[in-house]
Structure formats: structure tokens, C-alpha cells
């Protein structure tokens, strides 16, 4: 349709990187592109920690399910929801405290994600590859200590950035009619759409994993919902000043 | 730096639209671009409701602080975190229930935001403009009823899409050094950076509002943190099956 949309549709996560570093100009272009994303009432409730220190990357890899590409990528970005800087700015005017509401947690989390996704688009436009790392929520308190995150800051996800040393194909997505609804939510397309997608994803998994992995979307979702994960998040967030009231 | 990054940096929210509709091809390109965004373990935990029905747009505008552009834009997209479709897919394999964890709430909310931001980039590449509408969280239960959102689905934000009928300038953002940290979080740049930004934002607000609005980032953040907003969100989410445990 146009070059931008083609780029968006070409996205695939990269899990093997060349050692080549990013230069400062690239890093700034990526973060300034992130900053150009929409933000709720201009609060800009996020920070990003660019980790290039090899020892810290190694420790982060160990904290996030030993994903080797965290250590191997030249820059590991840790995207944090950040109400601490807001609080600092507000304190220049008057004594305030950060609300303990679920609403402000949503605002900060969404602000972070919008900025990060702009960073992805910028990085990919520069020929770089990325992969999001939800695994930093496996041990969020340790990650926070390592990166010296203060109260009112929590690491939402990490992101490897670097030059791709692999060329994986894009994973197929759900049929668009199961995701896009018209004027009201309708589950009418789910039965057919998910059956079709199960077939596509099974074929894709068998091909990409060299015939060794037999799965479908339904099976993956059953596994996903069947196992509780990261039950520490609520207590961790409370500790960090996000009370979700 | 390149055309994509230039587009990202040109972003500005549009609050006045021409009546021209989007065609089906444009809408599909936008939603398929959204689907190409990263998603946690391929869960794809979101849906988008494309509202074109004039009466529903009018009602949504009324529910979201009477923002007229919701009614005026040709398509209003309501981006929803959606665990209902996952649950349906999983139920094809075995009996499961959606976890009541904060973790899965984060996953669904982040998935939704990443997809939505890709939609923004696609829309803007087509010459369209957008504005995010957090205001649908003013009355999330009414919005949910109007759009027939089932359990395990919650409206995260809305988004007006259409041809711009105004040409606002981009709002300046925080100095990059206050947002980008190196290897560890540091508040060292905040004092200087926020003072400088206060001046820039004051100038911008005075110019854009024709000299009538005198504000700074610090003042806006003090106002923002000083007022509790949308305290109904926790109870609403619980009602929808998001327990945040």
C-alpha cells in the first residue's frame, strides 16, 4: 500500500544479533521517535534505560529466563512506566503525591507502550531488529535494583536492539475479521477464523521449527491460560508505589 | 534521518476532521498493520471496534467528555484489551479460566497499545490524522454496554481517525536526556531539563492558544497529580473479569 505499511507488515522479532554497536545518533533518533508518540495529557509517563554495559546485560539475561540475545544485542532498552519524574516536576509547584489509582497505572503503562512501539518502527526503519522481552517481569525487583529504579518507576518490558544476524519469517496473525469488529463486539467470526488460524499456525510452527514443533493457536492459548505466571507482580507494584486502587 | 523517522516526528493529534469517509481498503490496511505489532507469546490479546454508526459515535462523544471530534471523525476506533477471544480459543482444547492476575492485565493492556500505535503509524502514512481518546474511561461501563463488550474485554482507549481539517504544530516533548537513561536510572538531568521544558511548553501554549493559556509542564503535572481521576476503574475492571490479583 505504501512503504511505511510494508515496513510495519514485515516486522519479525530478532533473537540473534551481530555484535556491531549502535551509534549515538541512531540511539537518539530511536528515543526521540519514541517521544513523538501520543501521551495522555502530555504527562510522558515513561523512561527508557539504555543498557550497554556488558556485565549488566549479562545479569539482565540471567534475570529474564536466560535469554542469550539480551546479552548479545548491543543495546538492551528497558522501558519503564515512570511517575517519579512527573512527581518531581509537580513538586516544583506544590506538595503533591502520586495517586494510588488503577487509572494512573494504566496511563503510565500505555504511555510506555506507545513510546516503545514508535521506537520499534524507528529502529526497523534504520535496518535494525528488535525483540520485546516480557521476561524482565520474571524478576522485576532484581531488575529494579540493578538499574536503580526509584519508587513510582516500574520496568514494563525490555527490548533487544541491534543488527539482525538471522532472517526469520513473520509469524502469521489471526484473521483480521476476528480482531476487527463493526459498531459492536461480535464473536461471530471466532469459530471459523480460529479454526483457519490453527491450521496456518501449525504449518508455520512446523516449518520454522524444522518439523519438530506441533502446535496450534488453541493449544498455545490453553497452555497460556492454564498456567499462572508472575503472580508476584501485584506485590511488586505495590512496593513500587503503584497501588492499583 | 529517513522518511519513516520524519513521519514519526511529525505526529500531532488532530481534533478537527473532514467528513470524508475511509474506504474499506484503508481500514483493513490500518488494522492489519496493527496486527503486525509484537504481541506477548502471540496471544494477540486485543480487539478493535470500528464505529461508523453516527448514532453510536454521538453517544460515545457524550460519554467521553463531549469531545465533538468523536462524532465528527468518520471512524472512531475503540481499542479493547481482549482475553475473551483467547478464552474461546483455549476452550476448544480444554476447560480453562482466565487468570485473575495483574500480569495478564498488563499483557493485554500492552498488547492493545502496541497494536494501536502501529495503527497510528499506518493511518498517518496514508495522510490521515488521529487523536487518542482516554476519555472513554470516563464511563467505561456505558461504553461497554453500547459496544456490547463481553466479560474479559475492556475498552483501553478510543481513537479518532480521518482526514485532518486543521494543521496544528507538534507539541514539544521533554528534553531527551530526562527520558533516556544510561545503564541506570538517574534523576541528574531533571532539574535543568524540566526548567528548560517549562519555558518551551509555556511558549508553545501561549502561541497555540493565541496567547490566552499560560502554563508549564510543572504546573500541568501538579494539576494532574493533584486531582484523582477515574477512581471507578478498579471496580469496573473487576466487574469485567480483570481482578488485578
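Chains as they are written, first to last, in UniProt numbering: chain A, 1 to 245; chain B, 1 to 245. Glycine is no exception: its CB is placed at the ideal position from the N, C-alpha and C atoms.
By the Cβ neighbour-count rule, residue 214 of chain A is exposed, with fewer than 16 other Cβ atoms within 10 Å of its own.
Across the structure, residue 130 of chain A and residue 124 of chain A are spaced so that their CA atoms are roughly 8 Å apart. Between residue 11 of chain B and residue 47 of chain A, the gap from beta carbon to beta carbon reaches 9 Å or more. For residue 121 of chain B, the enclosing alpha helix (DSSP H) stretches over residues 102-125. Three or more Cβ pairs drawn from the segment 1-10 of chain A and the segment 22-40 of chain B lie within less than 8 Å of each other, which places the two stretches in contact. In this structure residue 218 of chain B is in contact with residue 92 of chain A, their Cβ atoms being roughly 4 Å apart against a cut-off of 8 Å. Contact annotation, residue 162 of chain A with residue 54 of chain A: C-beta distance approximately 14 Å; criterion of less than 8 Å not satisfied.
Collapsing the DSSP output to three states places residue 50 of chain A in a strand. Separation of residue 114 of chain B and residue 212 of chain A (C-alpha to C-alpha, rounded to the nearest whole angstrom) is 31 Å. Neighbours of residue 66 of chain A across chain B, judged by C-beta separation under 9 Å, do not exist; the nearest C-beta is about 17 Å away. Residue nearest to residue 78 of chain B within the set B/89, B/63 and B/172 is B/63 (criterion: CA-CA distance). Residues of the segment 161-183 of chain A whose Cβ lies closer than 8 Å to any Cβ of chain B, in chain order: 170, 171, 173, 174, 176, 178, 179, 180, 181, 182 and 183. For residue 226 of chain A, the neighbours in chain B by C-beta distance under 8 Å run, in chain order, 90, 94 and 96. Under a 10 Å Cβ-count criterion, residue 198 of chain A is classified as buried, with 16 or more other Cβ atoms of the shown protein chains found around its own Cβ.
For residue 159 of chain A, the uninterrupted beta strand (DSSP E) segment begins and ends at 153-162.
Within the segment 9-90 of chain B, complete alpha helix (DSSP H) segments of at least 4 residues are found at 24-35, 54-63 and 68-72, given in chain order.
DSSP, reduced to helix, strand and coil, places residue 98 of chain A outside both helices and strands of the structure shown, so it counts as coil. Our two residues, residue 61 of chain A and residue 141 of chain A, have alpha carbons roughly 14 Å apart in a direct line. Shown here, residue 225 of chain A sits in a helix according to DSSP, grouped into three states. Under the three-state reduction of DSSP output, residue 234 of chain B falls in the helix class. Proximity of chain B to residue 206 of chain A at the Cβ level (cut-off 7 Å) is not reached, the minimal Cβ distance being about 15 Å. Fewer than three pairs of CB atoms, one per stretch, sit closer than 8 Å, so the segment 142-155 of chain B makes no contact with the segment 13-30 of chain A. Shown here, residue 208 of chain B sits in a helix according to DSSP, grouped into three states. Take the alpha-carbon of residue 196 of chain A and the one of residue 72 of chain A: they are about 37 Å apart. Here residue 111 of chain B is buried, its C-beta having at least 16 other C-beta atoms within 10 Å.
The C-beta distance from residue 179 of chain A to residue 240 of chain A rounds to 32 Å, too long to meet the 8 Å contact threshold. A Cβ of chain A is located within less than 9 Å of the beta carbon of residue 99 of chain B.
For residue 241 of chain A, the secondary structure class from DSSP, reduced to helix, strand or coil, is coil. By the C-beta density criterion, residue 134 of chain B is buried, having at least 16 other C-beta atoms within 10 angstroms. Its Cα nearest to that of residue 174 of chain A, the residue B/42 stands out among B/18, B/42, B/14 and B/1. Going by C-alpha positions, residue 49 of chain A is about 24 Å away from residue 104 of chain B. Here residue 120 of chain A is not near residue 137 of chain A, since their CB atoms are 9 Å or more apart. When secondary structure is reduced to three states using DSSP, residue 132 of chain B falls in the strand class.
Closest by C-alpha distance to residue 67 of chain A, out of A/107, A/17, A/39 and A/100, is A/17. Taking 9 Å as the cut-off, the beta carbon of residue 4 of chain A is found no closer than this to the beta carbon of residue 45 of chain B. Judged by DSSP in its simplified three-state form, residue 173 of chain A adopts coil rather than helix or strand.
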